[in-house]
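**Student:** The working numbering puts the sequence shown at residues 6 to 367. Every residue gets a Cβ at the ideal spot worked out from N, C-alpha and C, and that includes glycine. Here you go, one structure.
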Amino acid sequence: MDLRITCIPGDGIGPEIVAEAKKVLDAVAGRFGHAMHYTDILMGGASIDVHGVPLTKEAVDTAKSADAVLMGSIGGDTTTSPWYRLEPNLRPEAGLLAIRKELNLFANLRPAVLYDELTGACPLKEEISAKGFDMMIMRELTGGLYFGEKKTIEEDGVRKAVDTLVYDENEIRRIAVKGFDIAMKRRKKVTSVDKANVLASSRLWRSVVEEVAEQYPEVKLEHMLVDNCAMQLVKDPAQFDVILTENMFGDILSDEASMVTGSIGMLASASLNDTKFGLYEPSHGSAPDIAGKDIANPIATVLSAAMMLRYSFDLDREADAVENAVKEVLREGYRTVDIMSEGCTQVGCRQMGDLLAERITL
């Protein structure tokens, strides 16, 4: 199979971690008989330095011509970098917002996995962390409160701010379909999170999700209010498979879920449109303070590449091979500095990539 991938190395540690993800993808191609075709584009600070803007039309067109996009990290030190003396629409992160809009990426996927070997980093009680967890948070990315009408007015001498939360049934249905499709590739359970006891938008959300569920008889659907879900994430995270929710709730819950894993350097993410196309990136930032030192952890980017294989190319065996390689390397005691613990062997970014690539098996 020919896989056409646009790569955005980006800023900070981005070029280092993308290089290691490519190394692992090339090992997958060699073991499973695929051909990887990479095209690099500039975005963020790297694009500002060359083109004066964080994203060019040519870069967008290149991304659109690919089957998927693999990204490293965007941005720099906000206190010292000249990029942050520019107008907000010309700063590095504006490129990320623009490409999400141009590619119509409405479904955000944030897995939160606690590996057996890293349970010591989990902040939860041992009796909770010992059970482990592996969940996927599906967040609607382009609607809701963040994108509704906003205004600040003054009435009778009192300032008043208004943010409008709007969803239509089509926006809800398309993210619900994505959520159920992904549940079919996992443990076939969807927890739809809303605030239906208070919000009309949540009552519509719940109704549409139930309609979609009828098309997936193999998937178990449960509803959960968002405040209860926040509590359950720290009480019993092992109960969750796919958490399906709207934009603001998903923003908050995905950060909570990432925290209970204990290591953001291990967390992948993806943003999908209504086809198989997606943009895949680690959840962590650009870490400019360690850029070029060969100490960055590439695992989140490698796991993002595994998500790309699974969700954009339907290559589940290949994705499993990458995820199993990560587990094997951790089981063997290899660690980058951010996840280092006593008794383990510390390795750099490039060596971690080598170890992962060597462990890709059929």
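1. Would ILE104 and VAL65 be called neighbours here (beta carbons separated by less than 8 Å)?
2. Taking the straight line between their C-alpha atoms, what separation do you get for TYR221 and GLU347?
3. Taking the C-alpha atoms as reference points, what is the distance between ALA273 and PRO93?
4. Rounded to the nearest angstrom, what separates ASN202 and ARG208 at their Cα positions?
5. Can you name, in chain order, every residue of its own chain whose Cβ lies under 7 Å from the Cβ of LYS332, other than the five neighbours on each side?
6. Could you please give me the residues that DSSP links to ALA273 through a beta bridge?
7. Touch check for the stretch 116-131 and the stretch 334-348: three-plus C-beta pairs under 8 Å?
8. Can you list, in chain order, the residues of its chain whose CB lies under 6 Å from that of ALA26, leaving out five sequence neighbours each side?
9. Buried or exposed: which applies to PRO87, given that a residue is buried once 16 or more other Cβ atoms fall within 10 Å of its Cβ?
10. Short of 6 Å in beta carbon distance, which residues of its chain neighbour LEU101, apart from the five on each side in sequence? Order them along the chain.
11. By Cβ distance below 7 Å, which residues in the same chain neighbour LEU150 in space, the five residues on each side in sequence not counted?
12. Thinking C-beta only, is LEU258 closer than 8 Å to ALA269?
13. In whole angstroms, what is the alpha-carbon distance linking ILE18 and GLY162?
14. Are at least three pairs of beta-carbons, each pair with one atom in the stretch 8-23 and one in the stretch 292-299, less than 8 Å apart?
15. For CYS12, which three-state DSSP category applies?
16. In this structure, does DSSP put TYR89 in helix, strand or coil?
17. Looking only at its chain, what residues have a beta carbon closer than 6 Å to the beta carbon of ARG192, apart from the 5 residues adjacent to it on each side?
18. Given a threshold of 16 other Cβ atoms within 10 Å of its Cβ, counted over all protein chains shown, does SER291 qualify as buried or as exposed?
19. Need the endpoints of the alpha helix (DSSP H) that GLY50 sits in, please.
20. Express the C-alpha separation of ALA166 and LEU114 in angstroms, rounding to a whole number.
21. What do you reckon, are the CB atoms on ALA188 and VAL224 nearer than 8 Å?
22. I need the straight-line Cα distance from LEU60 to ALA135, nearest angstrom please.
23. Determine which residues share a DSSP beta bridge with SER78 and list them.
24. Can you give me the Cβ contacts of VAL352 inside the same chain, cut-off strictly under 6 Å, excluding the 5 residues immediately before and after it?
25. Can you tell which of ARG36, ARG322, LEU361 and GLY49 has the C-alpha that lies nearest to the C-alpha of THR341?
26. How long is the line joining the alpha carbons of VAL198 and ARG211, rounded to whole angstroms?
27. Apart from the five residues on each side of it in sequence, which residues of its chain come closer than 8 Å, Cβ to Cβ, to ARG179?
28. What is the C-beta distance between ASP299 and ARG336, in whole angstroms, given that I count them as a contact (C-beta under 8 Å)?
29. Report the rounded CA-to-CA distance for ASP359 versus VAL29, giving the unit in angstroms.
30. Rounded to the nearest angstrom, what separates ILE304 and ALA51 at their Cα positions?
**Tutor:** Let me spell this out:
1. Taking the C-beta atoms as reference points, VAL65 is found nearer than 8 Å to ILE104.
2. Between TYR221 and GLU347, the C-alpha separation is close to 46 Å.
3. Looking at the backbone, the Cα of ALA273 and that of PRO93 are separated by about 27 Å.
4. Between the alpha carbons of ASN202 and ARG208 lies a distance of about 8 Å.
5. Leaving aside the five residues that flank LYS332 on each side, the residues in its chain whose CB is nearer than 7 Å to its CB run, in chain order, TYR120.
6. Residue pairing from DSSP places ALA273 in a beta bridge opposite PRO287.
7. Yes: at least three Cβ pairs fall under 8 Å.
8. So the list reads THR306, VAL307 and ALA310, once near-sequence residues are dropped.
9. It counts as exposed.
10. Excluding positions up to five away in sequence, the list reads ILE79.
11. Here the set comprises ASP168, LEU170, ASN252 and MET253.
12. A small correction: the amino acid at residue 269 is Ile; Ala does not occupy that position in the sequence shown. Contact annotation: ILE269 and LEU258 have beta-carbon atoms that are not nearer than 8 Å.
13. Straight-line Cα distance between these residues: approximately 50 Å.
14. Taking one beta carbon from each stretch, the stretch 8-23 and the stretch 292-299 have 3 or more pairs nearer than 8 Å; the two touch.
15. When secondary structure is reduced to three states using DSSP, CYS12 falls in the strand class.
16. If DSSP states are grouped into helix, strand and coil, TYR89 belongs with the helices.
17. Cβ neighbours of ARG192 beyond the five flanking positions: ASP246.
18. So SER291 ends up on the buried side.
19. Counting along the chain, the alpha helix (DSSP H) containing GLY50 begins and ends at 50-56.
20. Going from the Cα of LEU114 to the Cα of ALA166 covers about 31 Å.
21. Yes; because the gap between Cβ atoms is below 8 Å, this pair is in contact.
22. Using only the alpha carbons, I get a separation of about 44 Å.
23. GLY15.
24. Around VAL352: TYR339.
25. Closest option to THR341, Cα to Cα, is LEU361.
26. Each residue's alpha carbon lies about 8 Å from the other.
27. Result list for ARG179: PHE111, ALA112 and ASP279, in chain order.
28. Rounded, the Cβ-Cβ distance is 23 Å, inconsistent with contact.
29. Here the alpha carbon of ASP359 sits roughly 8 Å from the alpha carbon of VAL29.
30. Cα to Cα, the separation comes out at about 23 Å.
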